[in-house]
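Accompanying notes for the structure given below.
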Amino acid sequence: MPAVFFGHGSPMNALEVNRYTAAWRAFGRSVPRPRAILVVSAHWYIGATAVTAMPRPKTIHDFYGFPQELFDVRYPAPGLPELAEEVSDVVHPTWVGADIDSWGIDHGTWSVLVHAFPEADIPVVQLSINAFKGLDYHLELGAKLAPLRERGVLVVASGNVVHNLGGVDRRLVDQGFDWAQRFDEAAKATMLDDPTEAGHLDAHRDFGLAVPTPDHFIPLLYLAGLAGAAGQSTEVLVDGYAYGSLSMTAYTLGLPGRATEPLAGAPTLPDAVPPDSANI
Numbered sequence: 001m002p003a004v005f006f007g008h009g010s011p012m013n014a015l016e017v018n019r020y021t022a023a024w025r026a027f028g029r030s031v032p033r034p035r036a037i038l039v040v041s042a043h044w045y046i047g048a049t050a051v052t053a054m055p056r057p058k059t060i061h062d063f064y065g066f067p068q069e070l071f072d073v074r075y076p077a078p079g080l081p082e083l084a085e086e087v088s089d090v091v092h093p094t095w096v097g098a099d100i101d102s103w104g105i106d107h108g109t110w111s112v113l114v115h116a117f118p119e120a121d122i123p124v125v126q127l128s129i130n131a132f133k134g135l136d137y138h139l140e141l142g143a144k145l146a147p148l149r150e151r152g153v154l155v156v157a158s159g160n161v162v163h164n165l166g167g168v169d170r171r172l173v174d175q176g177f178d179w180a181q182r183f184d185e186a187a188k189a190t191m192l193d194d195p196t197e198a199g200h201l202d203a204h205r206d207f208g209l210a211v212p213t214p215d216h217f218i219p220l221l222y223l224a225g226l227a228g229a230a231g232q233s234t235e236v237l238v239d240g241y242a243y244g245s246l247s248m249t250a251y252t253l254g255l256p257g258r259a260t261e262p263l264a265g266a267p268t269l270p271d272a273v274p275p276d277s278a279n280i
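So for the sequence shown, this note's numbering puts the first residue at 1; every next one is plus one.
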């Protein structure tokens, strides 16, 4: 199976038709049908490494201030409890817990999957981001997931390479600040050349602005780890900026080619949306 990192941006993308969502749809149409989808989402950022292990994961609306239409979205994909044991086996001796009731499918996952796999008929399992671990841990854990690709599991990472909610400027719908562009381009050079160096991007001069909290950056390391395990680099699926302080760059592994769509970019943010970590 290929693998992918999506820059998911605003939850409003779930309702939009734009060049990012078109690229996500193109990706879903181009990959072989997965046995299951394992998602590392920025929005399951907890103090442990765990996988969802319930047969029917719930759709989680982990945001506020958005229109009711977004809260009405459901992504009723089944789970695959036995995948939790497979994940635990392939990453041994790293400990992975099985979550049977606390989480489900959050918007970092369903906001992209509603476009990539709109039928919601492929089992979805989420892997948490352990907030207590450093960047090297996540890069290495991504590499350990590599055998799952040979078993028909599509590994999806979902976050944003640049994600600074405090810097959001609603007027800059499709633009990025200079520092956001510099860091995103540095990350791009790394992912296209040697993804195993992605864990060193914290030395970049703009890292503090681009990554004020690590939750949205860390998913990129899982794709970087998979790329390192395969001895390959990644390809850009689609790129761009939103609200000045977010990058929308997406990368694929094992699926060459860039999606090009003559469509608008990021959606307009509703007025009621606050610049808070529970949003975007």
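Glycine included, every Cβ here is placed at the ideal spot set by N, Cα and C.
Here the structure is a predicted model, which means the values were calculated and not measured.
Between Ala-229 and Phe-6, the C-beta spacing is not below 8 Å.
Secondary structure note for Ser-30: its alpha helix (DSSP H) is the uninterrupted segment 19-30.
Judged by beta-carbon spacing, Gly-240 lies within the 8 Å limit of Asp-174, meaning their Cβ atoms are closer than that value. Taking C-beta atoms as the reference points, Ala-210 and Asn-164 count as a pair closer than 8 Å.
DSSP, reduced to helix, strand and coil, places Leu-220 within a helical segment of the structure shown. The beta strand (DSSP E) runs of length 3 or more contained entirely in the stretch 42-116 are, from start to end of the chain, 50-52, 97-99. As summarised for the stretch 129-183, the continuous alpha helix (DSSP H) elements at least 4 residues long and confined to that stretch are 135-144, 146-149, given in chain order. Contact between the stretch 18-29 and the stretch 73-89 is absent, with fewer than three C-beta pairs closer than 8 Å. Within the model, the alpha-carbon separation for Thr-213 versus Ile-46 is close to 13 Å. For Gly-254, no alpha helix (DSSP H) run applies, since DSSP gives it neither H nor E.
According to the DSSP assignment, Leu-237 belongs to the beta strand (DSSP E) that extends over 235-238. Excluding sequence positions up to five before and after Leu-201, its CB lies within less than 7 Å of the CB of Ala-186, Ala-187, Thr-190, Phe-207, all in the same chain and listed in chain order.
Between the alpha carbons of Leu-139 and Val-162 lies a gap of roughly 18 Å. Around the CB of Trp-103, 16 or more other CB atoms lie within 10 Å, so the residue is classed as buried. DSSP places Gly-208 inside the alpha helix (DSSP H), whose first and last residues are 207-210.
In this model, Met-12 and Gly-225 are separated by some 29 Å (Cα to Cα). Secondary structure note for Ala-3: its beta strand (DSSP E) is the uninterrupted segment 3-7. Non-local C-beta neighbours of Pro-147 in its own chain, meaning closer than 6 Å and more than five positions away in sequence, comprise Val-90, ordered along the chain. Taking a C-beta distance under 8 Å as the contact criterion, Asp-101 and Ala-50 do not qualify as a contact pair.
Here Leu-80 has Ala-36, Pro-123, Val-125 as same chain residues with Cβ atoms under 7 Å from its own Cβ, once five neighbours each way along the sequence are excluded. Taking every protein chain shown into account, the CB of Phe-132 has fewer than 16 other CB atoms within 10 angstroms, so this residue is exposed.
Out of Thr-52, Leu-38, Tyr-243, the CA that lies nearest to the CA of Gly-166 is found in Tyr-243.
Leu-220 is the residue among Val-87, Gly-176, Leu-220 whose C-alpha sits nearest the C-alpha of Leu-192.
Annotated three-state conformation of Ala-189 is helix, per DSSP.
In the three-state DSSP reduction, Ala-120 falls in the coil class, being neither helix nor strand. Selection Thr-59, Glu-150, Gly-142 evaluated against His-92 yields Gly-142 as nearest (Cα-Cα). At the C-beta level, His-8 and Ser-158 come within 8 Å of one another. Within the same chain, and ignoring the five residues on either side of Arg-182 in sequence, the residues whose Cβ sits closer than 7 Å to its Cβ are Asp-206.
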